[in-house]
Amino acid sequence: MTHTISCPYGELCKQRDVVFLLDGSNDTRNAFPAMRDFVRRIVESLDVQENQDHVAVVQYSNDQDARVFLNTHFSMEEVLNAIRGLRHKGGRPLNTGAALRFVKDIVFSNSAGGRPADVPKILTVLSGGPSADDVQRPSAALKQKGVLSFSIRARSADDPELAALSYHADYALRVPDLSDLPSIQQELVSTLRTMHNFSNACHVHHFYGFASCSKLCLICPLLKGVQRDIVFLLDGSDDNQNGFPAVRDFVQRVVQNMEVGENNDQVAVVQFSNDPAANFYLNTHSTKDDVVNAIQSLRHKGGRPLNTGKALEFVKDNVFNPSAGSRHLRGVPQFLILLTAGRSRDNVQSGASALKGLGVVPLAIGARNADARELQSISFAPAYTSETKSKKLKTNIKRELKQRILKTAKSKSVILGVI
451 MTHTISCPYG ELCKQRDVVF LLDGSNDTRN AFPAMRDFVR RIVESLDVQE
501 NQDHVAVVQY SNDQDARVFL NTHFSMEEVL NAIRGLRHKG GRPLNTGAAL
551 RFVKDIVFSN SAGGRPADVP KILTVLSGGP SADDVQRPSA ALKQKGVLSF
601 SIRARSADDP ELAALSYHAD YALRVPDLSD LPSIQQELVS TLRTMHNFSN
651 ACHVHHFYGF ASCSKLCLIC PLLKGVQRDI VFLLDGSDDN QNGFPAVRDF
701 VQRVVQNMEV GENNDQVAVV QFSNDPAANF YLNTHSTKDD VVNAIQSLRH
751 KGGRPLNTGK ALEFVKDNVF NPSAGSRHLR GVPQFLILLT AGRSRDNVQS
801 GASALKGLGV VPLAIGARNA DARELQSISF APAYTSETKS KKLKTNIKRE
851 LKQRILKTAK SKSVILGVI
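Numbering (my numbering), first residue to last: 451 to 869.
Below, the structure is given as structure tokens:
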């Protein structure tokens, strides 16, 4: 099934932070020229400029050697010259786990040129053999940071490790030998191009996506099947008592358009006022009927004041958590839909930033006394904010969000497909 996804406002995506992590151990000495040429050809397909794609290259064996950081070169010619000048590092053993931690903590850091969370971050790992240290935890940490990882392995590469290194199994590529890298070059280039909205539309066959343009670039990797973890955070304060039935009905209508199941969409609902309370978690219900019944039985929480910041922290720590059913470590997209009718009494910046840092895409819907700037600061981007001055959450909010997020050829929203 092919979807056509267009950017809102007709703007083109402009930025990606792309890092190459190369096996420079003794075992790849003969194959290193092929690795270097492969990286060069991939970079030639990018758009390297100061306000567009940035590139970093790291070699590793028992330790790491970064000669090109994301803020070292801002022109294609400079990056290509640096790649041509790479010399094989050498050393053993091959500590891929330590190299992944180095990339996360150092290479993607602000001081090394890493840009804000709304700039897509892509890591390509090329290695000739299995790691001598653990890769599971650092790989999970990269996923939590929102880094999209590809892994390319050769020879004695360990398949479970190969899958663990990748953001998704579809991004684990294997070649008989590193000298055969040209055979998968086009596949990688094509996938990277789907993440960069060159033509103001993205034509893919199944995807995962945060989407959009300008500040929020399109990411639509080729995944098989769509899974989403979707959390509704509802204003349950005293001031929203009369509006709560409309909120509940809105959530029910959204869920009825979803594909709920253990291997599809999962849903959680949290109410908040002075403090938050989870009505049910992502792993509480596994069928649409159960979720809809739970929503229909929701009762207004009550309480004041409205502490939205505290609620955002609660959702991050207790709902987008593997123990509560979150699948973010498996690369499943995480979404938060906030519905509120007032201004928060506490600070929302810390909680909102922490959620985005975890890879969650927040969408904010405000009514009545909701603060527009506050909603925009919570949302992943301003286009993910909707307001209505009515005491009820009007049904046209569904249409507005659908237009602002992105549409597919079959009238499914790219991000949620439910609104």
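Beta carbons are placed, not taken as given, at the ideal position from N, Cα and C, and that holds for glycine.
When you compare only the Cα positions, how much space is there between residue i and residue j?
| i | j | result |
| --- | --- | --- |
| A484 | T758 | 53 angstroms |
| V557 | V742 | 45 angstroms |
| T574 | G809 | 19 angstroms |
| L825 | L544 | 46 angstroms |
| M708 | A567 | 27 angstroms |
| D872 | N724 | Because the chain here runs from 451 to 869, residue 872 falls outside it and cannot be looked at. |
| S599 | A761 | 31 angstroms |
| R490 | N521 | 18 angstroms |
| Q514 | F482 | 16 angstroms |
| N846 | I815 | Note that N846 scores a pLDDT of 49, beneath 50, so its modelled location is shaky and nothing firm can be said. |
| L683 | A727 | 10 angstroms |
| A774 | S736 | 13 angstroms |
| D715 | I533 | 43 angstroms |
| A562 | L779 | 25 angstroms |
| L786 | V498 | 33 angstroms |
| N729 | S616 | 34 angstroms |
| K841 | L550 | The predicted position of K841 is uncertain, since its pLDDT is 41 and thus under 50; a value taken from the coordinates is nonetheless stated next. Their backbone Cα atoms lie some 49 angstroms apart in a straight line. |
| K539 | A591 | 26 angstroms |
| D583 | A548 | 7 angstroms |
| R698 | G792 | 17 angstroms |
| F764 | R678 | 20 angstroms |
| S589 | S581 | 13 angstroms |
| Q465 | V798 | 27 angstroms |
| G675 | R603 | Residue placement at G675 cannot be trusted, given a pLDDT of 45 that sits under 50; what the coordinates show is reported in the next sentence. Cα-Cα distance, rounded: 25 angstroms. |
| M526 | F519 | 14 angstroms |
| H523 | R479 | 26 angstroms |
Taking buried to mean at least 16 other C-beta atoms within 10 Å of its own C-beta, is residue i buried or exposed?
| i | result |
| --- | --- |
| Q721 | buried |
| A822 | exposed |
| P783 | buried |
| C652 | Annotation note: pLDDT 30 at C652 (below 50); position unreliable, coordinate value reported separately. Under this definition C652 is a buried residue. |
| E436 | As shown, the chain starts at 451 and ends at 869. That puts residue 436 outside it, with no answer to give. |
| R542 | exposed |
| D685 | buried |
| Q691 | exposed |
| D739 | exposed |
| D477 | buried |
| D555 | exposed |
| S747 | exposed |
| Q706 | exposed |
| H750 | buried |
Are the CB atoms of residue i and residue j nearer to each other than 9 angstroms?
| i | j | result |
| --- | --- | --- |
| F552 | V505 | no |
| T546 | V585 | yes |
| A817 | L789 | yes |
| A718 | K766 | no |
| G807 | K595 | yes |
| K756 | S794 | In the sequence as displayed, the identity of residue 756 is Leu instead of Lys. Against a cut-off of 9 angstroms, the Cβ pair of S794 and L756 comes out as a contact. |
| S475 | S511 | yes |
| V769 | V681 | yes |
| L530 | V507 | no |
| L904 | D473 | As shown, the chain starts at 451 and ends at 869. That puts residue 904 outside it, with no answer to give. |
Could you pull the DSSP bridge partners for residue i from this structure?
| i | result |
| --- | --- |
| T574 | F470, F600 |
| T790 | G816 |
| I680 | V717, F785 |
| V508 | L471, A516 |
| V810 | Q784 |
| V498 | D503 |
| D685 | F722 |
| V798 | Partner(s): none; V798 has no beta bridge. |
| F730 | V719 |
| V710 | D715 |
Counting contacts by CB-CB distance shorter than 9 angstroms, is residue i in contact with chain D?
| i | result |
| --- | --- |
| L684 | Of the chains in the structure shown, none is chain D; there is only one protein chain. |
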